[in-house]
Each structure stands twice: as structure tokens, then as C-alpha cells.
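A quick write-up on the structure given underneath.
2 protein chains.
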Amino acid sequence: MNADFDPFLHPTSRLALEVFRLNGALIAAGDMLVEPLGLTSARWQVLGAITQAEGGLPTAGIARAMGLTRQSVQRVVDDLARLGLVRFAPNPHHKRAKLVQLTPEGRMASAAASARWAPLAEALATAVTVPALDEAAQVLHRLATALAALTAPSSGDTP
Amino acid sequence: MNADFDPFLHPTSRLALEVFRLNGALIAAGDMLVEPLGLTSARWQVLGAITQAEGGLPTAGIARAMGLTRQSVQRVVDDLARLGLVRFAPNPHHKRAKLVQLTPEGRMASAAASARWAPLAEALATAVTVPALDEAAQVLHRLATALAALTAPSSGDTP
DNA sequence: GTCGTTTTGACACTATGCTGTCGTTATGAA
DNA sequence: TTCATAACGACAGCATAGTGTCAAAACGAC
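First to last, the protein sequences are chains A and B.
The working numbering puts the first residue of the first sequence at 1, with every later residue one more than the last.
The working numbering puts the first residue of the second sequence at 1, with every later residue one more than the last.
Written out as C-alpha cells, the structure reads:
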């Protein structure tokens, strides 16, 4: 009865479990890191995605950039708007999909978070090596792509 | 003002973002995979942790094995007990910390989930290579360890 | 131009995981 | 043995991310 397959010993399974653990550790570390700024990991990530895009981008665009659903990002964006870190600007290409832009306060918060993250990122890079980081990132990227292709050639929102 | 550091271009940052994406993709794929069995990714993972340990283990032990908090696992365990997939057995070493064990139904569900996961794990392994998987897993493991050491030499529940 | 499809925002609901807290039980040092 | 400490289960509350659904807006085929 196929007893020669222990799913937890499969290389893919072991990597998946490591992804789960590191994901949790990164979120916890991020929460600690930006907590003095009144931020959380999720809000920080959304701020970062907006920082990346010059001129701002709509909520659904943020979600696509982060691999999440519109609905999840929307609440965080609303929180950030309530905190005065982002604002909504009219979108010349779409009447309803307003552009989410950083306010000066948001830009300062994003910069402060980056400044706090930098030394930790350096320390982690020395815990392994930069080439190993790059190669691991490439492997994870390929796996995510393959997983998206294997599951759900679907419709609708695709987180 | 340190403008030569773009936090999103740092190798550690790029890997972190890939971890977030793959984590989400794996959970989504797992949910699809075991949904016909009445399971979810979280319940499947807890079932797996119990399957690993012969004789069962207490809730806090499951949490340690998975890198989560007792409280998070407890609710899932209660759900599984309500579904009849696990049961509580007296613990000779601790009166309150009952051992969580699989019922025959739980064993069947765990085996069915493994059978569904196996081909997907194989397909993903061929999307990259097994040595690459192993090396990536090792890198993630070292990062998680380093991160735990750098943040919170703390007390109490340490997920 | 019209109509069907897709995209987007909005809202309600659920699932997962965290912190905080309490009382109980083990454990170990004095 | 006694007592401080740690570990464990239980419960409440919050943050994050998912699904489902709806209406409005944009887009494309005809």
C-alpha cells in the first residue's frame, strides 16, 4: 500500500515545512521591527509595494504585485489611509480604481522601516552566503510559478 | 542619507518576498488538495505532525514541532477532535496535558491526504532539481535559526 | 453603438495565527 | 518538604488573509 512514500521525508515536503517556519519567523520579526513605528508586517509590505511603484497604483495592482487578493489588501490600504500614510488620487485610466499614493508621512514611515530592516538583512545574509540566498530565491520562485501553473488554471481572483 | 540601499533589492529581501509568495501558494494548493477530504491546510499539517509522533503528543508538543503557539494549535486540535479525527489519551507524565492521538478515521484521512500530495510533490521536484530543493531547504533552515537567534532571546511562548 | 466579459471596489463572513491572561500541574532548588 | 518557577490547557480578543457576492466601470467583439 505504497508504504515506501513517507510524505514528510520528500524533499518537496521538507522545503515546504521550512517555508512555513521561515514565513512565520519573518512575519514575527517584521512585526517586532516596525512596531515602534505603529506599523505591522502586512502594512509595511503594502507600503513597500506602493513605494516601488512611481505614481501610485490601484488596490488590485498592489494585490497582484504581492500575490494576495484584492480584498485582503483593501483593508490594509484603508487602515493606512486612516493612519494618514497613504492617500487616494484620481486614476486617469479608471474612474473607480483610484490610485493609492504615499503621503509624506507614509514616505517617512517607509524609509524608517527600511532603515530598521537593513542591518537585520545584512546579518541574515552573513548567516548564509549571498549566492546561496540568490539561488534559494530562484528555486522558490520557480516552485511558486510551477505551483500556480499546476493548480488552478482557474478564473476570478488568483492570489 | 544612505540612498545606496534599496531594501527591495537586497538579496535577503528578495528571498523574503519569495517566501511570502510561496507560503501563500502552498497553503492555497493544500487547501484545494485536501478540501474533498473535509480538511484544510492547517488541519492537514497538524494531522501530519501527530502522524509523525508514535503514541501521540500533547498540544504544546505539536506546537513546538510546527513552530507555532500552543493557542493556535489548540483550536485546530479541538476542531479535529470534533470531526472525530483525533482523540485525547491520558498522559502518564502529565495529568492535564493529554496526549493527542489519531483515530482510525484520522489515520485514513492523513493517508488520503498524503496520497493526494505525492504526485504534486513529485511534479514540483521535477520543476527544479532535488539537490536544489535540499540546498534551498537548508538555506531557509539556517535563516530561520539565525532569525530566531537575532530576534527575541525572550521568554514565554516562543513560536 | 450595443452587449457580454472582465476588472474593480465594497461588504459580510470564515479560517488561521498571534497576544494576554488565568488556574492548574510539574519541576527543581533551597 | 516546601516553595518559586516553568509548562500546560483554556478562554477572550485582535490582525491577517481567504471566499462569496454584488454593483459599477472599463474593455472587446460584433
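Ideal placement from N, C-alpha and C gives every residue a C-beta, glycine not left out.
For B/F8, name the three-state secondary structure that DSSP assigns. Three-state DSSP puts B/F8 in coil, outside helix and strand.
So, are the CB atoms of B/A121 and B/L37 less than 9 Å apart? Contact flag unset, no.
Where does B/L133 land, buried or exposed, given buried means 16+ other C-beta within 10 angstroms? Buried, because 16 or more other Cβ atoms sit within 10 Å of the Cβ of B/L133.
Ends of the alpha helix (DSSP H) at B/L143? Start and end: V130 to L150.
If we count Cβ pairs, one from each stretch, closer than 8 Å, do we get three or more for the segment 13-24 of chain B versus the segment 16-25 of chain A? Enough Cβ pairs lie closer than 8 Å, so yes.
Following the continuous alpha helix (DSSP H) through B/P104, name the residue where it begins and the one where it ends. Its alpha helix (DSSP H) spans residues P104 to A127.
When you compare the CB positions of A/L80 and A/G61, do they come within less than 9 Å of one another, or not? No, they are not a contact pair.
So which of A/A115, A/L143, A/L150 and A/S72 has the shortest CA-CA distance to B/S13? For the options A/A115, A/L143, A/L150 and A/S72, the alpha carbon positioned closest to that of B/S13 is the one of A/A115.
Would you say A/M108 faces chain B, with C-beta separation under 9 Å as the test? False, the Cβ-Cβ gap to chain B never drops below 9 Å.
Backbone secondary structure at B/L99 - three-state DSSP: Note: B/L99 maps to strand in three-state DSSP.
Got a sec: which bits of the segment 8-33 of chain B sit with their beta carbon under 7 Å from any beta carbon on chain A, in order along the chain? Answer set for the segment 8-33 of chain B: F8, H10, P11, T12, S13, R14, L15, A16, E18, V19, F20, R21, L22, N23, G24, A25, L26, A28, A29 and M32.
Nearest to B/H141 (by Cα), restricted to the options A/G156, A/L124 and A/R142: The option with the nearest alpha carbon to B/H141 is A/L124.
I believe B/A161 touches B/V34 by the beta-carbon criterion, under 8 Å. Please report the beta-carbon distance rounded to the nearest angstrom. Outside the shown range of chain B (1 to 159) lies residue 161 of chain B, about which nothing can therefore be said.
DSSP-derived helix/strand/coil call for B/L89: A small fix is needed here, since residue 89 of chain B is Ala in this sequence, not Leu. B/A89: strand per DSSP, three-state reduction.
Would you identify the three-state DSSP class for A/L47, choosing helix, strand or coil? Helix at A/L47.
Using 8 Å as the Cβ pair cut-off and three pairs as the minimum, do the segment 90-99 of chain A and the segment 63-76 of chain A touch? The segment 90-99 of chain A and the segment 63-76 of chain A do not touch, with fewer than 3 CB-CB distances between them shorter than 8 Å.
Pop quiz: A/V86 and A/V100 are said to be a contact at Cβ under 8 Å. What is the actual Cβ separation, rounded to whole angstroms? Contact flag correct, Cβ pair sits at about 5 Å.
Cβ atoms of A/K98 and A/A58: under 9 Å apart, would you say? Per the sequence shown, residue 58 of chain A should be read as Pro rather than Ala. Yes, Cβ-Cβ distance for A/P58 and A/K98 is below 9 Å.
With DSSP run on the structure shown, which of helix, strand or coil describes B/L57? In the three-state DSSP reduction, B/L57 falls in the strand class (E or B).
Within the 9 Å Cβ cut-off, does B/A53 reach chain A? Taking Cβ atoms only, chain A never reaches closer than 9 Å to B/A53, which makes this a no.
Leaving out five residues on either side along the sequence, give the residues of the same chain with a beta carbon under 8 Å from the beta carbon of B/H94. By the criterion of a C-beta distance shorter than 8 Å, B/H94 is surrounded in its chain by P58, once the five residues flanking it on both sides are discounted.
Taking all protein chains shown into account, do 16 or more other C-beta atoms lie within 10 angstroms of the C-beta of B/G55, making it buried, or fewer, making it exposed? With a threshold of 16 other beta carbon atoms within 10 Å, B/G55 falls short and is exposed.
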